[in-house]
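To keep things clear, I will list the structure first and then write my remarks on it.
Quick look at the structure:
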């Protein structure tokens, strides 16, 4: 603040609190607390469609594509490391 880069303002209803945290060395990290802003934002709830509605919505389609990657994600952990020669 002494260098004039930041200016303190007072808008407590809409302000996200900014905190400067020292990093190792002479650098600073700017952290923002969005909790007050999240409380002020309206909540939108979009429930997932029931499976019957999802299946019915595919009727009449010429092309249907599905992907189940749940098992493949687990397999990635078991792949041998690729070593460049």
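Residue numbers (the working numbering): 260 to 344.
We put the CB at the ideal spot given by N, CA and C, even for glycine.
Kindly indicate which three-state DSSP category residue i falls into: helix, strand or coil?
i: residue 295; result: helix
i: residue 279; result: strand
i: residue 335; result: Residue placement at residue 335 cannot be trusted, given a pLDDT of 48 that sits under 50; the coordinates are not used to answer.
Closer than 8 Å by C-beta to residue i: which residues in its own chain qualify, once you throw out the five before and the five after it? Chain order, please.
i: residue 287; result: 279, 280 and 281
Based on Cα-Cα distance, which residue from the options lies nearest to residue i?
i: residue 359; options: 289, 283, 284 and 275; result: The structure shown does not extend to residue 359, since the chain is modelled only from 260 through 344, so no value can be given for it.
i: residue 298; options: 285, 275 and 316; result: 275
i: residue 349; options: 320, 309 and 277; result: Examination of residue 349 is not possible in this model, given that the chain is present from 260 through 344 alone.
Once you ignore the five residues that flank residue i on each side, which residues in its own chain have a CB closer than 6 Å to its CB?
i: residue 293; result: 275
Excluding sequence positions up to five away, which residues of its chain have a Cβ less than 7 Å from the Cβ of residue i?
i: residue 323; result: 317
i: residue 310; result: none
Bridge partners of residue i, per DSSP?
i: residue 325; result: BP columns for residue 325 are empty, so no partner.
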